[in-house]
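Shown next, in structure tokens, is the structure this report addresses.
Residue numbers (the numbering used here), protein chains in the order written: chain A, 2 to 606; chain B, 2 to 606.
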């Protein structure tokens with residue numbers, strides 16, 4: 002069967018180990034979380050790059066269910082690794098092996114060199130088979146910890162993982178909070194969704210009910226449970242792709258299956274694909290490992306509620322990068338958001354992005370979206386290594402998000418907002434754009450800074466500046482934050498672009514002890530005059546948008562905002578009106594409702 | 002194993018036939034679409050209600066993959082039928098057996114009485130097994146047609162089906178266009194999505210690779226391919242539920258599996274559920290039927306493009322009701338929309354609703370959303386039977402959709418719009434609400450009327466009035482319609498609530514030879530004066546909304562609209578300005594931009 006029948010896959014890989022694989026054996030018995038013991042453990046691993054003299058540049062990569070230690074080719078003659086399609090690891094890559102010392106072990110329970118069910122059980126002299134103990138994700142992390150220590154690393158710069166590898170990264174943060182500077186969790190979850198768990202159940206049933214499974218002791222038999230394993234793999238493949246990706250791949254050629262050699266059905270193009278993938282998988286993977294690892298994944302459970310997750314993540318000072326993919330239905334975005342909420346609840350530093358993608362769960366392995374998720378990883382790791390030296394990559398302060406309604410680039414309202422923020426306060430900037438205001442606050446010595454932003458390009462810009470910003474639509478409210486979690490919540494030039502104003506106002510007043518809100522004033526005399534003289538609606542006036550294309554969907558005056566506060570029981574503590582065109586303040590006795598084009602309010606409830 | 006371990010399912014049914022099952026045998030050989038022949042066919046069926054003397058009230062119900070003829074209990078002592086959870090069929094139910102003569106046959110290839118793989122092959126004297134010919138959905142429809150004729154029915158009032166049953170309904174419309182008055186297609190598709198087809202492939206592989214499958218001749222063996230069939234069914238079950246429904250059902254009790262007697266894994270609550278469902282299914286279903294029917298479903302293909310679907314649906318005059326469910330990922334909404342587009346392309350009468358639901362594909366069988374989909378079926382069938390006698394259920398003309406911006410209930414703009422619509426023209430009303438304008442046009446003798454509406458409650462109101470309205474968000478454009486498909490497109494008091502005005506305007510001008518657009522005028526003197534005197538934004542003035550909660554997110558004057566038309570190359574043919582508060586027209590020389598609160602334009606490009 003030719004390897005290139007279906008291209009672009011991690012499947013078409015050698016069943017041989019790379020010559021760069023190393024082994025480390027730990028003879029100290031391993032006490033498993035479920036109470037059993039393994040007398041000793043061997044770990045197969047590969048490393049890339051050099052450990053710095055300060056030993057501060059080590060990055061641990063945790064692979065997913067069917068991955069292994071070979072994350073990347075070591076040289077031109079080496080086989081490609083499982084992250085090489087995306088070119089994520091290597092010289093000059095996001096996980097830059099010129100900069101970082103990368104460690105990638107095969108996991109406990111795997112079948113690619115590390116102790117697993119296909120290894121000899123010293124008690125019986127035969128492979129463990131189904132007598133291999135019931136292991137957990139935490140056990141895998143413990144084995145990795147031994148390896149990391151063995152390599153002379155006391156604290157990891159970062160632990161990085163996607164999917165089940167993300168479970169291990171989360172587990173590190175929970176079990177060894179003082180041994181990780183930062184965590185990169187891609188396309189993962191605090192526990193599987195019930196739907197995803199159910200698919201695993203069906204896959205395991207297919208393996209165990211295969212008559213060749215022989216109660217797990219098939220190693221000395223002429224045939225193993227290849228049919229069951231192939232069926233589990235076929236099912237897995239469907240869940241790794243998004244429906245749209247499957248459609249793009251197979252819809253047009255539905256009735257043209259490829260002529261693969263298989264005992265499975267090959268009626269449709271997707272059928273021949275699944276048959277090929279399923280059968281191929283049995284050549285490189287062990288069914289008992291599949292059972293052990295998928296069960297460990299299914300039992301992984303940091304909590305179902307935000308409160309439980311907050312408790313799990315309470316210890317340690319790691320900074321986090323969490324990335325999900327919009328079309329991932331196996332580890333859906335809402336689960337990454339749960340992780341983020343658990344972290345925010347503890348005031349942890351976290352950057353989160355829900356990458357717009359067609360690629361489903363596999364997105365974190367593929368090249369299509371690497372410009373976003375790869376660059377987020379690059380920026381995040383750079384800032385982790387260079388913590389304290391935040392060099393803004395973009396020298397210009399101003400951002401040009403669609404809610405910036407005025408012509409000039411200088412953001413006078415920033416100066417005004419900064420006046421209202423006392424030193425040493427915690428600040429949440431809503432609709433923070435590329436992080437201009439947050440950067441200025443950091444320059445002034447603020448440390449407890451957080452941002453919320455809807456545009457994923459801006460999230461990347463903030464990550465490059467080393468700012469902690471989460472990806473979220475304000476219209477959905479601030480349920481991610483607790484009551485009075487921040488000293489100051491800033492809503493700068495954003496309210497007029499929000500649909501559900503009442504909800505957003507309620508939310509910012511709930512979350513902030515004080516709120517600083519800047520709003521455009523549609524009572525500005527130039528706009529009024531335009532309406533009166535030319536009969537044109539305010540929006541069609543001096544602003545750079547027209548009535549039909551402006552992002553500003555809420556038209557209000559300073560008076561309207563004051564009336565709103567009065568009606569809703571909101572206290573106005575302070576107020577500055579601005580004519581940003583003329584770059585000056587409008588004093589209260591100079592009729593700001595006509596003469597200002599913008600106002601900044603300090604309010605609370 | 003107790004039936005009530007997992008409740009609320011169609012599974013817990015007797016393996017015995019209802020005493021109301023009848024059989025009809027057709028000895029004329031059946032020429033199958035794939036070229037083979039069946040020497041004779043027997044059909045098991047049940048009927049409910051009485052055929053009217055005019056023979057105009059027959060409704061054919063087509064069941065889904067694992068259903069049968071027992072759609073509903075015939076009396077109190079009878080077993081529940083597969084649509085009885087929703088109470089869809091019966092006296093007083095949406096498919097009212099006091100009103101309609103309901104026919105429900107078991108399908109060709111099934112295992113519940115109709116000729117299928119478990120029946121005796123006259124050539125061999127043994128069950129067909131895998132020698133049962135490769136049948137199609139069209140063959141099933143042909144067998145149903147024979148039965149319908151046998152029962153003395155020349156033309157069906159309606160053919161109704163969900164899921165694979167929907168495929169049969171579509172097939173009737175394509176194969177026998179003159180024998181169906183109307184089609185009700187629920188949770189179905191013109192062809193399976195690749196993802197759904199892939200799940201079927203995995204299920205069939207599990208069955209065929211089961212050693213007890215014995216190449217399909219397992220009927221005289223001690224055991225059949227129960228493991229494979231159960232695995233296919235477990236997989237099916239996951240796809241019938243939405244992720245959110247699974248989560249609601251199993252998340253909280255994840256680690257509390259029920260103690261079901263099973264050879265399958267029962268580690269998690271969802272695992273015990275799947276084990277139970279899978280095992281139970283093998284007691285009532287035949288694996289060869291599962292293979293034959295699922296393959297027929299997978300090969301069903303009316304076309305991948307709208308053009309292909311339009312060709313398929315070209316013949317006949319049936320009216321259509323198409324219903325999808327938002328959380329259905331097995332037969333996702335976009336596929337029902339493809340059907341609707343194919344019908345609209347031909348100018349067919351079609352009502353479409355995408356029912357907001359948590360229940361996934363199973364929604365069409367369950368009670369949760371029956372208040373919408375069931376009532377749509379009820380209203381649609383009533384109008385089908387009573388065609389010509391459209392009695393509006395709601396005597397009040399006016400609708401109160403959120404875009405009705407003025408106080409008074411009388412819609413003066415309707416009168417004005419009606420003036421602009423010549424007799425015998427085709428009209429598309431966008432944002433048609435409960436169908437007030439369309440009803441008035443129908444009263445005036447118009448017949449080629451269509452509506453688009455975003456609110457599913459309004460879709461139901463329109464269906465009750467016998468109007469053809471499709472469920473769609475205008476902001477997504479009018480790609481469902483071709484260039485100049487309608488003589489007149491009406492956009493009444495909706496433009497100001499649209500986000501992407503330019504796109505919507507381009508679209509209505511593309512689809513309509515002429516367009517009648519009514520817009521509010523925010524240059525109205527009362528609003529201007531309020532801004533000038535009180536400093537309040539126009540929206541906060543005399544209208545019943547405030548700036549922060551109005552659905553009107555686009556603020557424009559009559560002048561703005563005129564400027565827009567000039568800038569975009571749009572011709573204004575006619576124009577009437579109104580003061581709807583005073584209930585009068587404002588002539589052109591009386592400064593409508595100040596004195597009118599609304600204007601109606603006739604435009605084209």
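Glycine included, each C-beta is placed from N, C-alpha and C at the ideal position.
Closer than 8 Å to the CB of residue 224/A there is not a single CB belonging to chain B. The C-beta of residue 262/B has fewer than 16 other C-beta atoms within 10 Å across all chains shown, which makes the residue exposed. Residues 269, 270 of the same chain have their beta carbon placed closer than 8 Å to that of residue 256/B, with the five preceding and five following residues left out of the count.
Runs of the beta strand (DSSP E) lying entirely within the region 408-474 of chain B, each at least 3 residues long, are 428-431, 450-454, 470-472 in chain order. A distance below 8 Å separates the beta carbons of residue 430/A and residue 491/A.
Listed in chain order, the beta strand (DSSP E) elements of length 3 or more contained wholly in the region 264-329 of chain B are 320-326.
Cβ-Cβ separation between residue 75/B and residue 246/B: approximately 31 Å, too far for a contact (criterion under 8 Å). If you look at residue 576/B, you'll find it in the beta strand (DSSP E) that goes 572-580. With 16 or more neighbouring CB atoms inside 10 Å of its own CB, residue 595/B falls in the buried class. Here residue 128/A carries a strand assignment [DSSP, helix/strand/coil]. Counting only residues of its own chain and dropping the five nearest sequence neighbours on each side, residue 239/A has a CB closer than 8 Å to the CB of 247, 275. Here residue 192/A carries a strand assignment [DSSP, helix/strand/coil]. Scanning its chain for C-beta atoms nearer than 7 Å, with the 5 sequence neighbours on each side dropped, one finds around residue 208/A the residues 214, 226, 229, 230, 233, 288, 291, 292, in chain order. Closest in C-alpha terms to residue 145/B, from the list 325/B, 363/B, 24/B, comes 24/B.
At a cut-off of 8 Å between beta-carbon atoms, residue 549/B makes contact with chain A.
The region 419-429 of chain B and the region 484-500 of chain B touch, with three or more beta-carbon pairs separated by less than 8 Å. Taking 8 Å as the CB threshold, residue 428/A stays off the interface with chain B. Taking a Cβ-Cβ threshold of 9 Å, the residues of chain B close to residue 235/A are 199, 202, 203, 206, in chain order.
Neighbours of residue 537/A in chain B, taken as residues whose beta carbon is under 7 Å from its own, are 558, 560, 561 in chain order.
A check of alpha carbon separations from residue 101/A across 143/A, 58/A, 134/A identifies 58/A as the nearest. Under the rule that a run must span 3 or more residues, the beta strand (DSSP E) segments found entirely inside the region 112-178 of chain B read 159-163. Taking the Cβ atoms as the reference, residue 469/A lies roughly 7 Å from residue 452/A, within the contact range of under 8 Å. For the pair residue 161/A and residue 60/A, the CB atoms are nearer than the 8 Å cut-off. In terms of Cα proximity to residue 320/A, the closest of 449/A, 34/A, 89/A is 449/A. A distance below 6 Å between beta-carbons, with the five flanking residues on each side excluded, links residue 175/A to the following residues of its chain, in chain order: 313.
Taking a beta-carbon distance threshold of 8 Å, residue 195/B counts as an interface residue toward chain A. For residue 50/A, the number of other beta carbons within 10 angstroms of its own is at least 16, and it is reported as buried. Contact check for residue 345/A and residue 481/A: beta-carbon distance about 5 Å, within the 8 Å limit, so the pair qualifies.
Contact note: residue 54/A does not reach chain B at a C-beta cutoff of 8 Å; the least C-beta distance is about 48 Å. In the DSSP annotation of this structure, the continuous segment of the beta strand (DSSP E) that includes residue 183/A starts and ends at 183-187. Residue 463/B places its beta carbon less than 8 Å from that of residue 435/B. Between the region 513-526 of chain B and the region 517-530 of chain A there are fewer than three inter-stretch CB-CB distances shorter than 8 Å, so the stretches are not counted as touching.
As DSSP reads the structure, residue 23/A sits in a beta bridge with 46/A. For residue 105/B, the enclosing beta strand (DSSP E) stretches over residues 102-106. Burial of residue 336/B is indicated by the presence of at least 16 other C-beta atoms within 10 angstroms of its C-beta. Nearest neighbour of residue 340/A by Cα position, chosen from 258/A, 188/A, 216/A, 383/A, turns out to be 188/A.
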